[in-house]
Amino acid sequence: KRPKARGDADARARVAPADLFALRELPNPNVVEMYGVASVDGELNVVMELAKASLAAGIRDGLGRNRLDAVRAARDVALGLDFLHQHGISHLGLHPENVLLADRSTVHCKLSDFGGGVAAATQRAAAGSRYAAPELLRDEADVQPTKCDAWSYGSVLLELLSGKAPWDELAPKELVARAASGVPPPPPPLPDAASVAAPELLDLASRCLTVDPAPRPQFNSSENVEAHLDHWLLKAAVAAPSTAPRDDRALDRAARAEAELAKVHKLLAEEQRKDSDAYARAWDDCVRGAEREAIDELKMASAELEETFAPPDGIVRQPVAIASAEELLARAGDASDAFHATLRPIVEEAGGTYKEGPLKLEDRIRAKANDDYDDDVARVVDVVRATGVFDDLVSCGQALAQLLALGRSGDLLIRRAKDRINRPVENSGYRDVLVNVEIAGFVGELQLSLARLLEVKGSAHRIYNLTRALGGNAGLLEALDDGSRIENDDEDARRAAATKAAREEEEEEARRQREEEVRRAAKGAEVDRADKDGW
Numbered sequence: 001k002r003p004k005a006r007g008d009a010d011a012r013a014r015v016a017p018a019d020l021f022a023l024r025e026l027p028n029p030n031v032v033e034m035y036g037v038a039s040v041d042g043e044l045n046v047v048m049e050l051a052k053a054s055l056a057a058g059i060r061d062g063l064g065r066n067r068l069d070a071v072r073a074a075r076d077v078a079l080g081l082d083f084l085h086q087h088g089i090s091h092l093g094l095h096p097e098n099v100l101l102a103d104r105s106t107v108h109c110k111l112s113d114f115g116g117g118v119a120a121a122t123q124r125a126a127a128g129s130r131y132a133a134p135e136l137l138r139d140e141a142d143v144q145p146t147k148c149d150a151w152s153y154g155s156v157l158l159e160l161l162s163g164k165a166p167w168d169e170l171a172p173k174e175l176v177a178r179a180a181s182g183v184p185p186p187p188p189p190l191p192d193a194a195s196v197a198a199p200e201l202l203d204l205a206s207r208c209l210t211v212d213p214a215p216r217p218q219f220n221s222s223e224n225v226e227a228h229l230d231h232w233l234l235k236a237a238v239a240a241p242s243t244a245p246r247d248d249r250a251l252d253r254a255a256r257a258e259a260e261l262a263k264v265h266k267l268l269a270e271e272q273r274k275d276s277d278a279y280a281r282a283w284d285d286c287v288r289g290a291e292r293e294a295i296d297e298l299k300m301a302s303a304e305l306e307e308t309f310a311p312p313d314g315i316v317r318q319p320v321a322i323a324s325a326e327e328l329l330a331r332a333g334d335a336s337d338a339f340h341a342t343l344r345p346i347v348e349e350a351g352g353t354y355k356e357g358p359l360k361l362e363d364r365i366r367a368k369a370n371d372d373y374d375d376d377v378a379r380v381v382d383v384v385r386a387t388g389v390f391d392d393l394v395s396c397g398q399a400l401a402q403l404l405a406l407g408r409s410g411d412l413l414i415r416r417a418k419d420r421i422n423r424p425v426e427n428s429g430y431r432d433v434l435v436n437v438e439i440a441g442f443v444g445e446l447q448l449s450l451a452r453l454l455e456v457k458g459s460a461h462r463i464y465n466l467t468r469a470l471g472g473n474a475g476l477l478e479a480l481d482d483g484s485r486i487e488n489d490d491e492d493a494r495r496a497a498a499t500k501a502a503r504e505e506e507e508e509e510a511r512r513q514r515e516e517e518v519r520r521a522a523k524g525a526e527v528d529r530a531d532k533d534g535w
C-alpha cells in the first residue's frame with residue numbers, strides 16, 4: 001500500500017513510523033500484518049497482508065443487517081483498538097475502508113492504515129472526513145488521540161447499523177463547518193430499535209459520539225467495553241437462527257438448550273480460527289533463526305513427556321476421594337505452597353519465568369466438573385496452577401527435559417502430560433505443554449509455553465473464559481436468558497412490528513402528500529378566481 005502524499009516528505013514518513021513495525025513482533029488477530037516498507041521513487045510503500053475486502057464493502061453487502069455479524073465486527077474493531085492503545089499507538093484514521101475483512105464467510109475484521117499521527121489526522125479532518133472527532137476539525141491543542149479513536153469507532157458503528165455514513169447528507173465543506181461548531185453528527189434515521197439488527201450497539205455508539213471527549217469510553221480492560229462485546233457476541237450467537245430447519249416452539253427446554261450450546265461451541269471454533277493466523281505468525285517468529293537441533297529437542301521432549309506419562313485409561317484424578325468443590329478448594333489451598341516451591345526452581349533454572357496462577361474459583365470448579373466430568377470434582381486437576389514462560393526454544397526444551405528426567409526417576413510424580421507443541425490446539429494453533437503433577441497429595445497443573453505465543457491476545461480465549469465465568473454449560477444459558485433465547489421465539493413478532501411501523505410511516509407520508517396536493521389545488525383555485533375578478 002502506498003500512503004497518499006500529504007505535505008512534505010517528513011509528513012509522509014510519519015504515516016508509517018518505525019514503532020508500528022515493532023507490532024510485527026506482537027501478532028494480533030485483529031490487526032493487519034505488516035511485512036515491511038520500501039521506498040519507490042521517493043514514495044513510502046508499506047507491504048501488508050492481502051485482505052478479501054473492506055468493512056465498507058461488507059456494509060454495502062448488508063453485513064450490518066445480521067445481528068451476529070454486526071456484533072462480531074464491532075467486537076473485532078474494539079479488540080484491535082485495545083491492542084494498538086496498549087502499545088501506545090492510536091489509529092487516528094479509523095473508517096470502514098480502513099477495516100479489512102480477512103474472511104468473508106465468517107466475519108473477521110482487521111485494522112489497517114493506523115498511526116499517521118495527529119497532524120495527518122487533522123489534515124484528513126480539514127478535508128471533510130465523516131469519521132474525525134470534532135476536536136480534530138477545530139485543530140485544538142492537547143488532542144487526546146485515543147479519545148479521537150473512540151469518536152471514529154462510534155461513527156463506524158452507526159454506519160454498520162444504518163448502512164449510511166455519518167453526515168452523508170452534507171457536502172464536505174458543510175461537514176467541516178458543522179463539526180467545527182461542535183455539533184455532533186446526528187444519528188441516522190432509526191425510528192425504532194427493532195429495525196436495527198444489533199440494538200445493543202446503539203448505546204455504545206452514543207457514548208462514543210459526545211462532543212466533549214472526556215465521557216467517551218477507553219478501549220482497555222478498565223472500562224469493560226470489550227467485556228460487554230464478548231457478552232453480546234455470546235447472546236447474538238445463541239439467538240442466531242439455526243441452520244437446520246426446525247420449529248423452535250416444538251422443542252422442549254432440554255433440546256433447546258442443547259441446540260443453543262451447540263451454537264456457542266460453533267462460535268468458539270470460529271473465534272479460534274480467527275486466532276490461528278496470529279498464533280502461526282508467533283510460532284514462526286519463535287522458530288525463525290533457531291537452531292534445527294533446538295527445535296527437534298523441544299519437540300522430542302514434549303512428545304516423550306506425553307508418551308511416558310499417559311494414564312492407562314486416559315483419566316487423571318485427585319489421589320483421594322473428594323466430595324465437593326468446597327473440599328477440593330480447601331485441599332488446593334493446603335498444597336499450593338508446596339506445589340509452587342517444587343516447580344519454580346525447575347522453570348527458573350532453565351531460564352524461564354515462573355508465574356503462579358490464582359486458585360480456581362469454587363463456582364468454576366463446579367461448572368467444569370458438571371460440563372466435562374459428570375459432576376466428578378476429583379477429576380478437576382487445574383485448581384492449583386502455574387505457567388512457565390520462556391523466551392526461546394532452548395530454555396523451554398531444557399525445562400521439559402528436566403521434568404522428564406525427574407518424572408522417570410520418581411522424584412516427581414507426573415500423572416499426565418499433554419503435548420501441544422507437536423499437536424497444536426485444534427483450529428487456533430496455540431502451542432504449549434500441560435503437565436499434571438502430584439505434590440503434597442494434590443494434583444495441580446503446570447503450563448509451559450513461549451512468551452511470543454502468550455503475547456497473542458486470542459479472541460477465543462476471551463469467549464472461553466466468559467463461558468466459564470458465566471458458569472459453564474450449567475449456568476451459561478441461564479445467564480444469557482435475559483434476552484437471548486426468547487429472541488428465537490419473538491423474532492418474527494419484532495420484525496413484524498418493525499415492518500408495521502414502517503408501513504404506517506409510509507401511509508402517514510402518503511396521507512400528508514395527498515393533503516398537500518389538496519391544499520395546493522385549493523390555493524390554485526383561489527388564485528384563478530382572484531384573477532378573473534380582477535380582470
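The opening residue of the sequence shown carries number 1 in full-length UniProt numbering; numbering runs sequentially from there.
Just so you know, even glycine gets a beta-carbon here, dropped at the ideal spot from N, CA and C.
When DSSP reads this structure, Cys109 sits in a beta bridge with Leu101.
In the DSSP assignment, Thr353 is bridged to Val389. For Glu455, the three-state secondary structure derived from DSSP is coil.
In this structure, Arg65 and Ala197 form a Cβ contact; the two beta carbons are roughly 5 Å apart against a cut-off of 8 Å.
With 16 or more neighbouring CB atoms inside 10 Å of its own CB, Lys147 falls in the buried class. Counting the other Cβ atoms within 10 Å of the Cβ of His265 gives fewer than 16, which makes it exposed. If you ignore the 5 residues before and after Pro215, its C-beta comes within less than 8 Å of the C-beta of Arg207, all in its own chain and listed in chain order. Ranked by Cα distance from Glu135, the first of Leu100, Glu200, Asp76 and Val211 is Val211. Around the beta-carbon of Tyr35, fewer than 16 other beta-carbon atoms lie within 10 Å, marking it exposed. Its Cα nearest to that of Thr467, the residue Trp232 stands out among Trp232, Leu100 and Val37.
For Ala401, the secondary structure class from DSSP, reduced to helix, strand or coil, is helix.
Between the alpha carbons of Leu100 and Gly429 lies a gap of roughly 22 Å. Bounds of the alpha helix (DSSP H) holding Val156 are Pro145 to Ser162. When the Cα atoms are used, Thr387 and Arg67 turn out to be separated by approximately 38 Å. Residue ranges of uninterrupted alpha helix (DSSP H) with 4 or more members, entirely inside the stretch 287–319 and ordered along the chain, are 292–308. The C-alpha of Ser39 lies about 14 Å from the C-alpha of Met48. DSSP, read as helix, strand or coil, puts Gly429 in coil. Here Gly62 is actually not in contact with Leu111; their C-beta atoms are around 22 Å apart, not less than 8 Å.
The beta carbon of Leu94 sits closer than 7 Å to the beta carbons of Tyr131, Asp149, Ser152, Tyr153 and Val156 from its chain, once the five residues preceding and following it are set aside; these are given in chain order. When Ala325, Glu356 and Leu413 are compared, the shortest CA-CA separation from Arg379 is found for Ala325. For the options Val347, Val316, Leu229 and Glu97, the alpha carbon positioned closest to that of Glu200 is the one of Leu229. In this structure, the alpha-carbon of Gly88 lies about 12 Å from that of Phe114.
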